[in-house]
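Undergrad: Please read through the structure below; I'll follow up with questions.
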Amino acid sequence: GNSVTQMEGPVTLSEEAFLTINCTYTATGYPSLFWYVQYPGEGLQLLLKATKADDKGSNKGFEATYRKETTSFHLEKGSVQVSDSAVYFCALSDPFGTSGSARQLTFGSGTQLTVLP
Amino acid sequence: DTGVSQDPRHKITKRGQNVTFRCDPISEHNRLYWYRQTLGQGPEFLTYFQNEAQLEKSRLLSDRFSAERPKGSFSTLEIQRTEQGDSAMYLCASSPKVTGLTEAFFGQGTRLTVV
Chain A
7 GNSVTQMEGP VTLSEEAFLT INCTYTATGY PSLFWYVQYP GEGLQLLLKA TKADDKGSNK
67 GFEATYRKET TSFHLEKGSV QVSDSAVYFC ALSDPFGTSG SARQLTFGSG TQLTVLP
Chain B
561 DTGVSQDPRH KITKRGQNVT FRCDPISEHN RLYWYRQTLG QGPEFLTYFQ NEAQLEKSRL
621 LSDRFSAERP KGSFSTLEIQ RTEQGDSAMY LCASSPKVTG LTEAFFGQGT RLTVV
């Protein structure tokens, strides 16, 4: 079945530091890949996505590139801010997989990021 | 439209009681999903509706759980005879048919605590 493995946290960085959160996946078909963010007390928000190999998703200074050869979708940001403190989830959907996998998102376990001023 | 709305935000119940949660999706979205998120874990898929039809159910959805989406609008998730293991955040998401999961929007969730 499909699965997502992401770097365990928590991750603590100083403001303006470089961020990388690793994410690798296993899928039977050709998945779409996502990063979601969950701020304290709030629901999940889509941060960025990529739907095919070599696509780069970007939003709010965050970037991730869909690497089929390494089955990875690592999240990066060049200079983090205190306001980026949140839990980040990598996820996939597999639109060309079995009917079940096409209709659901499979999430990693999340990475807690804390940015200190 | 302010997005996906869930009610209540928090629910505390005694073991053995029944609870019901409501989700109002974004009005033009015909796909609706329920997920469960336990502490320190990512969300896990429970069930999926397209309009009023429930098309997919996870094995996590035991026979104590039932979900409905009458008339393809709002949805309810009921848990009967709650157990302490049901304590979790229950998330609802919706998406338009055309984009499917590439444009899924989540609500803020209902946090259930079973005591």
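Protein sequence lines, in the order shown, are assigned to chains A and B.
Each number in our numbering corresponds to the 1-based position in the first sequence with 6 added.
Each number in our numbering corresponds to the 1-based position in the second sequence with 560 added.
Idealized CB from N, CA, C, for every residue including glycine.
In chain order, what residues of the stretch 610-627 of chain B put their CB closer than 9 Å to some CB of chain A?
TA: Cβ contacts with chain A: Q610, L615, E616, S618.
Undergrad: Mind checking whether the beta-carbon of L122 of chain A lies closer than 6 Å to any heavy atom of the ligand ZN?
TA: With respect to the ligand ZN, the structure offers nothing, as it holds no ligand at all.
Undergrad: How far does the beta strand (DSSP E) with Q44 of chain A in it reach, from first residue to last?
TA: Start and end: 38-44.
Undergrad: Applying a beta-carbon distance threshold of less than 8 Å, which residues of chain B neighbour R73 of chain A?
TA: Here the premise fails: no neighbours, minimum Cβ distance about 19 Å.
Undergrad: Quick one: does F95 of chain A have its CB under 7 Å from some CB of chain B?
TA: Cβ-Cβ to chain B under 7 Å: yes for F95 of chain A.
Undergrad: Is Q577 of chain B helix, strand or coil when you go by DSSP?
TA: It is coil, neither helix nor strand.
Undergrad: Enumerate in chain order the residues of its own chain whose CB-to-CB distance from L620 of chain B is below 8 Å, with the five nearest sequence positions on each side excluded.
TA: For L620 of chain B, where only same-chain residues beyond five positions count, the Cβ hits under 8 Å are R596, E604, F605, L606.
Undergrad: Can you list, in chain order, the residues of its chain whose CB lies under 7 Å from that of N611 of chain B, leaving out five sequence neighbours each side?
TA: The residues are N590, G632.
Undergrad: If you follow the beta strand (DSSP E) that I639 of chain B is part of, which residue opens it and which one closes it?
TA: Where I639 of chain B is concerned, the enclosing beta strand (DSSP E) stretches over 635-639.
Undergrad: For the stretch 106-121 of chain A, list every residue whose C-beta sits within 7 Å of some C-beta in chain B, in sequence order.
TA: Going along the stretch 106-121 of chain A in chain order, one finds G106, R109, Q110, L111, F113, G114, S115, G116 with a Cβ nearer than 7 Å to chain B.
Undergrad: Nearest to A653 of chain B by CA position, among B:E616, B:H570, B:G600, B:Y608, is which residue?
TA: Here the closest residue by C-alpha is B:Y608.
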